Every structure is written in C-alpha cells, then in structure tokens.
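Each position in the sequence shown, counted from 1, maps to that position plus 34 in the numbering used here.
For reference, the structure is listed below as structure tokens.
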Amino acid sequence: MIEARYHESVNVLQALNAPAAAPFDRAEWYGLLAQTGLVPLIALASDGENSAALALTESGGRIVPLRNWYSFTWRELAPPGPSGDLLLAAIARQLRARGWRVTLEPVPGEDGSAARLARAFRAAGWQVAVEQCDINHVLAVKGRSFAEYWQSRPGALRSTVKRKGRKVETQVLTRFDPAVWAEYEAIYAASWKPAEDHPAMLRAFAEAEGAAGRLRLGVARADGQAVAAQCWTVENAIAYIHKLAHRESHRHLSAGTTLTAALFAHVIDVDGVELVDFGTGDQPYKADWMDTIRPRYRIDCLDPADPRAWPALAKRLLRRACAPAWGWLSPAPTAARMRPAGDRDCR
Numbered sequence: 035m036i037e038a039r040y041h042e043s044v045n046v047l048q049a050l051n052a053p054a055a056a057p058f059d060r061a062e063w064y065g066l067l068a069q070t071g072l073v074p075l076i077a078l079a080s081d082g083e084n085s086a087a088l089a090l091t092e093s094g095g096r097i098v099p100l101r102n103w104y105s106f107t108w109r110e111l112a113p114p115g116p117s118g119d120l121l122l123a124a125i126a127r128q129l130r131a132r133g134w135r136v137t138l139e140p141v142p143g144e145d146g147s148a149a150r151l152a153r154a155f156r157a158a159g160w161q162v163a164v165e166q167c168d169i170n171h172v173l174a175v176k177g178r179s180f181a182e183y184w185q186s187r188p189g190a191l192r193s194t195v196k197r198k199g200r201k202v203e204t205q206v207l208t209r210f211d212p213a214v215w216a217e218y219e220a221i222y223a224a225s226w227k228p229a230e231d232h233p234a235m236l237r238a239f240a241e242a243e244g245a246a247g248r249l250r251l252g253v254a255r256a257d258g259q260a261v262a263a264q265c266w267t268v269e270n271a272i273a274y275i276h277k278l279a280h281r282e283s284h285r286h287l288s289a290g291t292t293l294t295a296a297l298f299a300h301v302i303d304v305d306g307v308e309l310v311d312f313g314t315g316d317q318p319y320k321a322d323w324m325d326t327i328r329p330r331y332r333i334d335c336l337d338p339a340d341p342r343a344w345p346a347l348a349k350r351l352l353r354r355a356c357a358p359a360w361g362w363l364s365p366a367p368t369a370a371r372m373r374p375a376g377d378r379d380c381r
C-alpha cells in the first residue's frame, strides 16, 4: 500500500534511498533554497520499502519546482524501475487535491526524467503538455587529455589564450578560501552581470562543496589584482560550471578565457571527469568550449476537473488544433529523440 503525504521541511528528503544524480538533487541544496525564503512543499510517497518525492513550492493553486536560477535542472527524486513509477503516480494523484496546475522545469530528457514525469502525471489524470524550454551545453571528454581536447577547439579561441595567457596568472583551488571568495564577489560586482539574487546562498553552497572536496574555485590575476573568477564543482565524474565573471575594466586581457582553459585542464587532467556541464542558456560563447546541446523540458500539467484550469486547457487545445506543426505540444521526450547538436537545429 502506498502512502502519500506533504511536508513543509526539506529534512524529509535526507531519508530518501534514491542517490543524488547532481548537486541540485541533494537535500542540502533544497535546504539552501528554503533559506532564501522559498516555502517548500515536499510531496512524498512511500510503499514501506521505497520512497519518492517531488520538491515543490506553491502559490494560488499553482505548483512549481523548488528551485531558482542557480539550479541547472530539476527532476524527480525516486528509485528507478516500476516501484518508483508507481510512487510518482501516487504523488501526481495527490497533487490534484492541492492545486490545479503543476509546471515542472527545467527537466532533463537524456536520463528519462521528462518522459517519466509526463507518464506519471498522465496516469494520474492530468492533461500534460511537454515542450522544450531551454538548452544545456555539455562536453563529453571521451577519454581525451586536455591537450587533445584543446586541439579540437576553434582556432580563434586557442589563439586568444596563446596571445593573452601570459598576461595573467591563474590559480585553481580545491577548497573554500574566504579571501578568494571575497575577490570573486568584488569581480562579480565590477562585471557586466546583474547583481546576485542570493549571494549568501551561493557562498554557503561553495563552502559546503569545499568542505566535501568538490569545489574548484578559480581566479586569474593581473599585476597582483584579481580580474576574473569562476566557481565550478566536480561530482560523479561531472564538472559543473556554476559561476564566472571578469572585471569589465580588464576585458582586454581575456582573463576569463584564460581562466576557463585552466579550469578545463584541471578537471580533465587532474580530476579525470567524463563530462563538463555549462548549465542552461544559449549564449554563443558556450559553443566554443562545448560539443553537444541537450534540451531541457517544461512539463505543464492541468487538472481537467478543476474549473480554474479550463481557460488554459481550452487555449492549449486551440493551439494544438490550429498549429500542430509549430510544436506547441511536443510529445513526451524519449531517449531516441535526444541527438547531438550537430544532428539537429539548435535555437
């Protein structure tokens, strides 16, 4: 018998027997999100032997993932196989009593998460639409050394590092250093980027990753001044590029490019990673470093029994009837539809 219930504390996630596939799946990550002011809605189901959960938050009957823009992905926390599928379906049924719309994003497709969640919500009676909402640039190392990888990069990129790399000194730390983090924050404040939404959360994450040995904190200096900094982590043979910034006043040095090359060299040759993940977004510069694009999906679920969902449902059905070729309602993703960037058009 499956029991489904809600919790307002992320601490219940620590008892799950599903291993974390990425930093964004851990209970500690959700704890950091809760500290920013997000109110958790943890939907949990258990059959006495296994448990599954969706880490969510809600407002006005609309339910969305417990996440912010630091999260590369969001996915179900469930054991593999039929038992996990049944638990997820039980959670989806339970959510119909809680809200009229559940929108899940950005969900990966390459691991089956998008297809699995869409099946669970359809089985529970939701009307489900799946569409691509973002992209994810990654590099599959494929056993190459950094030197071998570097030879495959665009000539302009390699030329920039060769010409300007001597003008800066780079350092890669595998621990948290308060002084270097202060340099990162100063660089970020002097960069082209908008102010951080939750700098305390990012620092707490870096401190925890440093204590666990997963942090790769890079800094580039010119004449003793820190002019570029980046925050990466390494876990399960995957390197994640979380944050990067450089001083606009020193843009001519291309210190960020030189520092990125140094971090790639470290994670490939020292850490031996198999994949480098550059997060979401279609910024053109990412293609210089990466070789594959993966889609990220939005799974939008409407409860047809709730009148509040009817306008959105009618609009969805109208769009399907009027413009099926536009892909407004994409079919649930499958592994067969995931292809390297070179095999399909990328937005």
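Note that the Cβ used here is the ideal one computed from N, Cα and C, for glycine as well.
Here the structure is a predicted model, which is why all the values come from computation and not from measurement.
Item: Is the CB-CB distance between residue 331 and residue 148 below 8 Å?; Value: yes
Item: Relative to the alpha-carbon of residue 43, which residue among 75, 50, 170, 325 has its alpha-carbon at the smallest distance?; Value: 75
Item: Between 152, 228, 108, 117, which has its C-alpha nearest residue 126's C-alpha?; Value: 152
Item: Taking all protein chains shown into account, decide if residue 79 is buried (16 or more other Cβ within 10 angstroms of its Cβ) or exposed.; Value: buried
Item: What whole-angstrom Cβ distance do residue 266 and residue 250 have, given they're in contact under 8 Å?; Value: 4 Å
Item: Using DSSP with H/G/I as helix, E/B as strand and the rest coil, what is residue 320?; Value: helix
Item: Give me the Cα-Cα distance between residue 352 and residue 343, rounded to the nearest whole angstrom.; Value: 14 Å
Item: Mind listing, in chain order, the continuous alpha helix (DSSP H) runs of no fewer than 4 residues lying wholly within the region 182-251?; Value: 189-198, 212-223, 233-245
Item: Given a cut-off of 8 Å, decide if residue 175 and residue 309 are closer than it, judged by their beta-carbon atoms.; Value: yes
Item: Considering Cα atoms alone, identify which of 189, 335, 169, 112 is closest to residue 138.; Value: 335
Item: Measure the C-alpha to C-alpha separation of residue 54 and residue 60 and round it to an integer number of angstroms.; Value: 6 Å
Item: Grouping DSSP H, G and I as helix and E and B as strand, with all else coil, what is residue 70?; Value: coil
Item: Where does residue 344 sit, in a helix, a strand or coil, going by DSSP?; Value: helix
Item: So, at 7 Å on beta carbons, what are the nonlocal neighbours of residue 198 in its own chain, with the 5 sequence-adjacent residues on each side left out?; Value: 287, 288, 292
Item: In terms of alpha-carbon separation, which member of 297, 295, 276, 306 lies closest to residue 56?; Value: 276
Item: Mapping the DSSP letters down to three states, classify residue 135 as helix, strand or coil.; Value: strand
Item: Look at the Cβ atom of residue 132, then the Cβ atom of residue 159, and state whether they are nearer than 8 Å.; Value: no
Item: Please state whether DSSP places residue 314 in a helix, a strand or coil.; Value: strand
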